[in-house]
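Engineer: Numbering (this note's numbering), first residue to last: 373 to 713. Where a beta carbon is used, it is the ideal one built from N, C-alpha and C, also for glycine.
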Ligand code: RIB
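(1) Quick check: the region 409 to 417 against the region 671 to 686, are there 3 or more CB pairs under 8 angstroms?
(2) Tell me the rounded alpha-carbon separation between residue 492 and residue 392.
(3) Closer than 7 angstroms by C-beta to residue 675: which residues in its own chain qualify, once you throw out the five before and the five after it? Chain order, please.
(4) Taking three-plus beta-carbon pairs below 8 angstroms as touching, is the region 378 to 389 in contact with the region 417 to 435?
(5) Please list the terminal residues of the continuous alpha helix (DSSP H) segment that includes residue 417.
(6) Could you tell me the alpha carbon to alpha carbon distance between residue 525 and residue 558, rounded to whole angstroms?
(7) With 16 as the cutoff for other CB atoms within 10 Å, does residue 629 come out buried or exposed?
(8) Note down, in chain order, each residue of its chain lying with its Cβ closer than 8 angstroms to the Cβ of residue 452, except the 5 sequence neighbours on either side.
(9) Along the beta strand (DSSP E) that carries residue 456, what are the first and last residues, could you check?
(10) Please tell me whether, using a cut-off of 6 angstroms, the distance from the CB of residue 616 to the nearest non-hydrogen atom of the ligand RIB is below it.
(11) Taking 6 angstroms as the cut-off, is the beta-carbon of residue 504 closer than that to any non-hydrogen atom of the ligand RIB?
(12) With a floor of 3 residues, list each beta strand (DSSP E) that falls wholly inside the region 509 to 545, ordered by position along the chain.
(13) Could you tell me if residue 500 is buried or exposed, where buried requires 16 or more neighbouring beta carbons within 10 angstroms of its beta carbon?
(14) Excluding the 5 residues flanking residue 437 on each side, which residues of the same chain have their C-beta closer than 7 angstroms to its C-beta?
(15) What does the alpha-carbon distance come out to for the pair residue 508 and residue 532?
(16) Quick one: what does DSSP say residue 701 is sitting in, helix, strand or coil?
(17) Hey, would you say the C-beta of residue 651 is under 6 angstroms away from at least one heavy atom of the ligand RIB?
(18) Would the beta-carbon of residue 386 be found less than 6 angstroms away from any heavy atom of the ligand RIB?
(19) Terminal residues of the continuous alpha helix (DSSP H) containing residue 394?
(20) Just to check my reading of the structure: residue 447 and residue 414 have Cβ atoms closer than 8 angstroms, yes? What is that Cβ distance to the nearest angstrom?
(21) Compare the Cα-Cα distances from residue 645 to each of 520, 560 and 474 and report the closest residue.
(22) Measure the alpha-carbon distance for residue 520 versus residue 398 and round it to whole angstroms.
(23) Do you know offhand how far residue 389's Cα is from residue 476's?
(24) Compute the Euclidean distance between the alpha carbons of residue 682 and residue 621, then round it to the nearest angstrom.
(25) Which one of 458, 514, 471 and 657 has the shortest CA to CA distance from residue 406?
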């Protein structure tokens with residue numbers, strides 16, 4: 373497999389603390405030692421795709437600090453083309469402060485740093501004016517400015533690339549988001565993001581969104597009795613031909629022009645779900661880019677996400693293609709140590 377996948381997105385250093393339970397507003401909870409590791413939705417999806425066998429190019433911005441140097445080294449160690457990753461003088465690298473509860477549930481607070489400066493002019497400079505070529509897959513998330521993501525999606529699609537959007541984290545509703553959805557071929561969202569998208573009428577937001585202090589990323593567990601397929605169908609009306617709604621441990625549902633697929637998920641002992649969604653997106657983008665059937669793409673994506681949840685950290689937890697194959701073949705998930713290639 374030598375598919376070219378271009379990830380345009382964020383690069384963050386993650387500082388994580390594991391706690392017995394997540395603190396409520398105003399509360400202090402003591403946890404374990406801080407763990408520092410490479411992250412950011414863009415960087416995570418690039419590293420995931422590389423480990424899953426794709427030829428990956430990363431487009432993004434770093435600050436001129438030690439975090440940035442380490443993040444670049446992490447990309448290079450995975451064989452990722454980093455020529456479109458620039459350093460912004462006088463700027464800090466993106467930083468994520470992560471608190472992880474014993475069962476893997478977590479909260480993330482972001483300081484975007486250099487990521488917030490990835491504007492359209494910078495995107496053109498980084499890519500020499502050509503975002504993608506025919507046959508490429510372009511994978512986007514929303515930790516860099518929305519107008520840049522919209523430009524990237526438009527230009528990638530015009531060039532004949534497959535455009536895949538992981539609409540996370542979801543911005544405030546607005547016309548740009550609606551426009552972006554019309555420009556992407558594939559949309560990957562979790563159930564909370566699905567509820568928050570513009571025009572997704574009839575989609576009831578998870579109840580916990582109304583509770584101050586609730587963790588919107590995962591407070592509402594997916595319910596088996598929800599009609600997620602109907603929700604995915606309604607999201608297709610916003611533009612993307614293919615929609616996947618990920619449901620955490622419950623799996624995912626997908627809707628495409630050829631029909632639907634419900635994937636029940638893989639029972640694993642989750643210790644940290646940070647990065648699980650990124651593994652899922654990367655695997656889904658790779659499989660669709662290779663023209664694999666929707667059911668196979670969703671199944672592989674859920675396997676990659678499940679494996680990522682069994683280890684601590686973001687990039688440190690991302691599985692290899694061999695590990696995904698082994699899980700799909702029925703082998704028990706195993707702990708992997710990732711080394712530079
Ligand atoms: O998706 C997980 C990522 O979200 C973390 O690595 C953190 O950097 C935040 O961007």
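Structural biologist: With the given structure in hand:
(1) yes
(2) Within the chain shown, the letter at position 120 stands for residue 492. Within the chain shown, the letter at position 20 stands for residue 392. Rounded to the nearest angstrom, the two C-alpha atoms are 42 angstroms apart.
(3) Against the chain shown, residue 675 aligns to sequence position 303. Once the five neighbours on either side are set aside, the close Cβ partners of residue 675 are 638, 696, 699 and 700.
(4) yes
(5) Counted from its first residue, the chain shown places residue 417 at position 45. Looking at the DSSP string, the run of the alpha helix (DSSP H) that includes residue 417 is 413 to 423.
(6) Position 153 of the chain shown, counting from 1, holds the residue named residue 525. Position 186 of the chain shown, counting from 1, holds the residue named residue 558. One C-alpha to the other measures close to 11 angstroms.
(7) Numbered from its first residue, the chain shown carries residue 629 at position 257. Flag for residue 629 reads exposed.
(8) For the purposes of this step, residue 452 is taken as the residue at position 80 of the chain shown. Excluding positions up to five away in sequence, the list reads 418, 419, 422, 428, 429 and 430.
(9) Sequence index remark: in the chain shown, residue 456 carries index 84 (1-based). Run containing residue 456: 453 to 460, per the beta strand (DSSP E) assignment.
(10) Working through the chain shown from its first residue, we reach residue 616 at position 244. Not under cutoff, so the answer is no.
(11) For the purposes of this step, residue 504 is taken as residue 132 along the chain shown, with counting starting at 1. No, the Cβ of residue 504 stays beyond 6 angstroms of every heavy atom of the ligand RIB.
(12) 509 to 512 and 534 to 538
(13) Residue 500 sits at position 128 when you count from the first residue of the chain shown. It counts as exposed.
(14) Residue mapping note: residue 437 aligns to position 65 of the chain shown, counting from 1. Answer for residue 437: 464 and 465, listed in chain order.
(15) If you number the chain shown from 1, residue 508 lands on position 136. If you number the chain shown from 1, residue 532 lands on position 160. Rounded to the nearest angstrom, the two C-alpha atoms are 8 angstroms apart.
(16) Within the chain shown, numbered from 1, the residue matching residue 701 stands at position 329. Residue state, collapsed to three classes: coil.
(17) As a working mapping, residue 651 is identified with position 279 in the chain shown. Answer for residue 651: no, Cβ out of range of the ligand RIB.
(18) Counting from 1 along the chain shown, the entry for residue 386 is found at position 14. Under cutoff, so the answer is yes.
(19) Position 22 of the chain shown, counting from 1, holds the residue named residue 394. Counting along the chain, residue 394 falls outside any alpha helix (DSSP H), and DSSP gives it neither H nor E.
(20) By one-based count along the chain shown, residue 447 stands at place 75. By one-based count along the chain shown, residue 414 stands at place 42. Their Cβ separation, rounded to whole angstroms, is 10 angstroms, which puts residue 447 and residue 414 out of contact at 8 angstroms.
(21) Position 273 of the chain shown, counted from the start, is the residue given in the question as residue 645. It is 474 whose Cα lies nearest to the Cα of residue 645.
(22) Looking up residue 520 in the chain shown gives position 148. Looking up residue 398 in the chain shown gives position 26. If you take the alpha carbons of residue 520 and residue 398, they lie about 36 angstroms apart.
(23) By 1-based counting over the chain shown, the position of residue 389 is 17. By 1-based counting over the chain shown, the position of residue 476 is 104. In a straight line, the C-alpha of residue 389 is about 11 angstroms away from that of residue 476.
(24) Locating residue 682 in the chain shown gives position 310, where the first residue counts as 1. Locating residue 621 in the chain shown gives position 249, where the first residue counts as 1. If I take the Cα positions, the gap works out to 12 angstroms.
(25) Taking the chain shown and counting its residues from 1, one reaches residue 406 at position 34. Comparing Cα-Cα distances from residue 406 to each of 458, 514, 471 and 657, the minimum goes to 471.
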